[in-house]
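Below is one structure, written out as structure tokens, with a few remarks after it.
Chains as they are written, first to last, in the working numbering: chain A, 7 to 195; chain B, 20 to 584.
Laid out in structure tokens, this is it:
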């Protein structure tokens, strides 16, 4: 009867920042070491939450919840090619949704004219004519479509990161974003 | 969906954001920074509020109850101070409801000679001689205790708290299990190890003969499963097709409806009874054959009241002939009698003569004479013909009814016999299948104590991904969990939902899904298959209305029944 042991190895393409990796391992042994991860990622998570709501206080509440869950789940985080920040964003997405639902608040789209310009270029719509219609079209998108647009054009994330956060492949995130653009294009015609 | 839109909102400066940071507050909520919170701190602190403390307590209790006798309950602070090493190890295995966890069974073996353990499920463990050593590698002699338990379904796996997630080349998967077991050796309470090359042979009871499963070992140091090769399968010959239980009750309905049979027989019996009654009535009304008067015998002429003797007034001119002249008193014709009465006694007619106190009773028969007789005879012949026809018809009817009843009874008797034959065959088949299933073994060798599993890694389900919220179906309050698992009923697999998945649930809508979780208050929350069926294709968000059950005071089997969904 075979009795060989094989230990799992981390595939080369999934190497993470060694400093962050050591912080994570320390935090998994001793939660007080989580503070480094907290400091390194707090602003990014806060901005993510604030992008999707009106109130700074609400964003702070959601951010606190995200890190609370991250701390209590830190042992379950595994280095599988998923960046730690992507893991946090996934939690943040869920927490934001739940927060707004619990408070019966509508989600917010925060748009910068400059970001709209980038998007308008992709959609091939003259900016001067397109802003109001474009914003109206954005508010008609479903949650995932809007999320793709926000991450790509308002937060300037690459497709790999978008895929990690939304739990899809990089290619898939690219294809889906392209479809959303097409949809917006059709609305402009 | 209604959304608010802000255009060119003033961005927040980094300093403004950093001013909201408060790690110490966060740390105190999870029980670090110098103090341990003994219990969850309530909903407001979030999904896993006090999760670490709760896990520590659960781990402590888990450690305390590893032996299958008494429960050990320690103060959490003391527990963590004394057994920090154990907590850090056993926190990896975290039974969510320790009182419902599968308990170990203890077996005692002579370490010098080895032996064979037979578990109540049919699992057999063969231990070679001299197979035990202590932590330092010294060979153990004498009596040793082997603790053993098995896990064969989702409920047992869930309750064990043994993590079933598995990483394979960067892919996050969980195990579908064909059977898992945990085995440990002790002597005087001290943990033992298996001597190298003194493998234990495990013939583990299983319900799944699929060869796709591999053997894995739970490395508690590394907190991961390691692949250990393939087991072999000992599957006794079964009938063609999959082993499937056929409930006898279902087949009874197909063969015979007892209630219907009883009703039909009762109806037929009633028909026979009614006809018999009609025949009896008819016979009572049968025409009386007129008798011709004997001219040599004496007779009486009596006015008979129709109401008293209706049968005697059928024929006109009826007289009453003395049966035996010796009954006649000698002075019958010389005495002036005060009263003459016709009576019926013992199916005979009696003429009673009275004079004062004197009574004479003479037995008589009704007869007819001359033309009266001729007329009566004609009348009788006609009536009797009719009567005979009626009687004959009734008797024929009775016969048919009895034949019908007999046929019905015969039919049900045959159906009953056929049913009993089927039941016997089915029972035999089920016993054979049950025995075959019980005999199915997955066989492998182990070279170390711990948890071994016959598994096949499977990815997290796909098909739908919805944003989810969870509410108590009775109160409507949002539920927050310390643990939440997705279960696919048809597979021995549980998908733990961590913080990133709990709000975005992936599931396969084609499977029978179940959600099972532990709330912050230590209650069980369940959403079953019907809840998933409410989610429509393309739906992006869903609120699960979950049944929340307080398990305090519930027995282990009751808890398992709740979890079973």
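Backbone N, C-alpha and C fix where the C-beta goes; we use that ideal spot for every residue, glycine too.
Since the model is a prediction, treat every value here as computed from it, not as a measurement.
Query	Result
heavy atom of the ligand HEM below 6 angstroms from residue 146 (chain B) C-beta	The ligand HEM is not part of the structure shown, which contains no ligands of any sort.
Where residue 24 (chain A) falls, given that 16 or more other Cβ within 10 Å makes a residue buried	exposed
Candidates A:158, A:34 and A:182, of which the one nearest residue 2 (chain A) by Cα	The question about residue 2 (chain A) has no answer here: the residues shown for chain A are numbered 7 through 195.
Interface positions of the stretch 192-211 of chain B facing chain A (Cβ-Cβ less than 7 angstroms), listed along the chain	none
Residues that residue 311 (chain B) bridges to, as DSSP identifies them	B:387
First and last residue of the uninterrupted alpha helix (DSSP H) at residue 30 (chain A)	24-35
Neighbour flag for residue 119 (chain A) against chain B, beta carbons, 7 angstroms	yes
Range covered by the beta strand (DSSP E) that runs through residue 176 (chain B)	Taken as a continuous stretch (DSSP letters only), residue 176 (chain B) belongs to no beta strand (DSSP E), being part of the alpha helix (DSSP H) at 173-179.
Test: residue 103 (chain A) CB closer than 7 angstroms to a CB of chain B	yes
Where residue 170 (chain A) falls, given that 16 or more other Cβ within 10 Å makes a residue buried	buried
Against chain A: residues of the stretch 476-498 of chain B by CB proximity under 7 angstroms	486, 488 and 497
Where residue 49 (chain B) meets chain A, residues with beta-carbon distance less than 8 angstroms	37, 74, 77 and 78
Residue 293 (chain B) (DSSP reduced to helix, strand or coil)	helix
Contacts around residue 380 (chain B), its chain only, beta-carbon distance under 6 angstroms, and the 5 residues preceding and following it disregarded	369 and 371
Cβ contact check for the stretch 136-156 of chain A and the stretch 542-552 of chain B: 3 or more pairs under 8 angstroms	no
Chain-ordered neighbours of residue 148 (chain A) on chain B, where CB pairs are closer than 7 angstroms	559
Proximity test, Cβ basis, 7 angstroms: residue 24 (chain A) and chain B	no
Per-residue contacts from residue 62 (chain A) into chain B (C-beta, under 9 angstroms)	31, 35, 36 and 39
Residues that residue 96 (chain A) contacts on chain B, provided the C-beta gap is smaller than 7 angstroms	519
Cross-chain neighbours of residue 27 (chain B) in chain A, by beta carbon under 7 angstroms	118 and 119
Within chain B, partners of residue 141 (chain A) - CB distance below 8 angstroms	24 and 26
Residue from B:535, B:233, B:523 and B:157 with nearest C-alpha to residue 508 (chain B)	B:535
C-alpha gap between residue 411 (chain B) and residue 334 (chain B), whole angstroms	25 angstroms
Residue environment, residue 520 (chain B), which counts as buried when at least 16 other CB atoms sit within 10 Å	buried
C-beta neighbour in chain B for residue 66 (chain A), strict 7 angstroms	yes
Whole-angstrom distance between residue 305 (chain B) and residue 352 (chain B), CA atom to CA atom	36 angstroms
Residue 222 (chain B) versus residue 152 (chain B) - alpha carbon distance	23 angstroms
Buried versus exposed, by CB contacts within 10 Å (16 or more), residue 157 (chain B)	exposed
Beta-carbon proximity check, residue 284 (chain B) vs residue 427 (chain B), cutoff 7 angstroms	yes
Residue 116 (chain A): first and last residue of the uninterrupted beta strand (DSSP E) it sits in	114-117
Collapsed DSSP secondary structure at residue 557 (chain B) in the structure displayed	coil
Chain A residues whose Cβ lies nearer than 7 angstroms to that of residue 42 (chain B)	41 and 44
Test item: CB-CB of residue 477 (chain B) and residue 192 (chain B) under 7 angstroms	yes
Residue 36 (chain B) - containing alpha helix (DSSP H), residue span	33-37
Distance between residue 383 (chain B) and residue 367 (chain B) (C-alpha atoms, nearest Å)	7 angstroms
Same chain only: Cβ atoms within 6 angstroms of residue 328 (chain B), ignoring 5 sequence neighbours per side	none
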